[in-house]
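In the working numbering, the protein residues as written are 123 to 389. Heads up, the beta-carbon is just placed ideally off N, CA and C, and yes, glycines get one too. What follows is one structure encoded as structure tokens, with my remarks underneath.
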């Protein structure tokens, strides 16, 4: 997925990209995918089949949405557009799909910028649009919400995870943070404001900062407060939920993780 003004070099280099994708195969990331899948299925139940879904900034892990794919395979079969701007990421996604070849019936790989993809899509086409670990890469959420308001059908939804915090520390379990091109010093906290960008360098080993970071595996994210996100989305006519997924989900069983999500429902 090409997102404007995002550091993109890693997505065109095989070695760091492969290491990055493998790094994402951890319990926390898997749980986030399960949460988004569960919320998406909850939103989809109101619609008759076939369903039309887009995963924006989809990445490589086509093995994360087994329940959703099983529903799409039911007659009449639906479709999910798997949208990513990186040809290498699409290539990896197709390899993971080999584990479940029947899913080829309902997945459409789209190598494109998410904004361009949405601009070219028919209006009121989507039942659901999903972003997994991608929303924070958006520099211009206003334009994203404008496009989603056009392309999502009435009562359809946009579902995304959020990792919003206005305090940027030196590191987390999996990443080393940078600000203005420099690593945040250990013990220091930077207060973020709307539109601020910051970088993430991924540790070679989760929980081991001393082990160093994966060469070339770095991405840029943008901070926007919950208040700003809600204001921009409501301007496009969306009903907005921002908060822990357990306060939105009907079925909360089996996933033991605190995780903020963003759900926009088109009126």
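Residue 291 has its alpha-carbon roughly 10 Å from the corresponding atom of residue 314. Residue 351 and residue 322 do not touch by the CB rule: their CB atoms are close to 20 Å apart, not below 8 Å. Per DSSP, the unbroken beta strand (DSSP E) holding residue 324 starts and ends at 319 to 325. Contact check for residue 202 against residue 177 passes: the beta carbons are separated by less than 8 Å. In this structure, DSSP gives residue 375 a state outside helix and strand, which the three-state scheme calls coil.
DSSP places residue 173 outside both helix and strand once states are collapsed to three, so it counts as coil.
If you look at residue 248, you'll find it in the beta strand (DSSP E) that goes 248 to 253.
Residue 269 is a Cβ neighbour of residue 237, given a cutoff of 8 Å. With distances taken between CA atoms, residue 343 lies nearest to 261 out of 354, 216, 335, 261. Residue 222 is a Cβ neighbour of residue 185, given a cutoff of 8 Å.
Sequence-distant Cβ neighbours of residue 356 in its own chain, meaning closer than 8 Å and more than five residues away, are 362. Around the Cβ of residue 372, a 10 Å sphere holds fewer than 16 other Cβ atoms; the residue is exposed.
Rounded to whole angstroms, the Cβ separation of residue 214 and residue 182 is 4 Å, and the two are in contact under 8 Å.
A straight-line Cα-Cα distance of about 7 Å links residue 156 and residue 187. Secondary structure note for residue 353: its alpha helix (DSSP H) is the uninterrupted segment 348 to 357.
Residue pairing of residue 232 in beta bridges, as defined by DSSP: 205. DSSP places residue 297 in the strand class (E or B) of the three-state scheme. Taking the CA atoms as reference points, residue 346 sits about 11 Å from residue 354. Between residue 253 and residue 365 the beta-carbon gap is near 17 Å, outside 8 Å, which marks them as no contact. When rounded, the separation of the alpha-carbon atoms in residue 325 and residue 382 is 23 Å. Rounded to the nearest angstrom, the gap between the Cα atoms of residue 220 and residue 312 is 44 Å. Taken through DSSP and simplified to helix, strand or coil, residue 287 comes out as coil. Beta-bridge pairing by DSSP links residue 382 to 284, 366.
DSSP, reduced to helix, strand and coil, places residue 328 outside both helices and strands of the structure shown, so it counts as coil. Buried is the label assigned to residue 160, since at least 16 other Cβ atoms lie within 10 Å of its Cβ. A distance below 8 Å separates the beta carbons of residue 249 and residue 278. Taken through DSSP and simplified to helix, strand or coil, residue 339 comes out as strand. Nearest to residue 225 by C-alpha distance, out of 266, 265, 196, 271, is 196.
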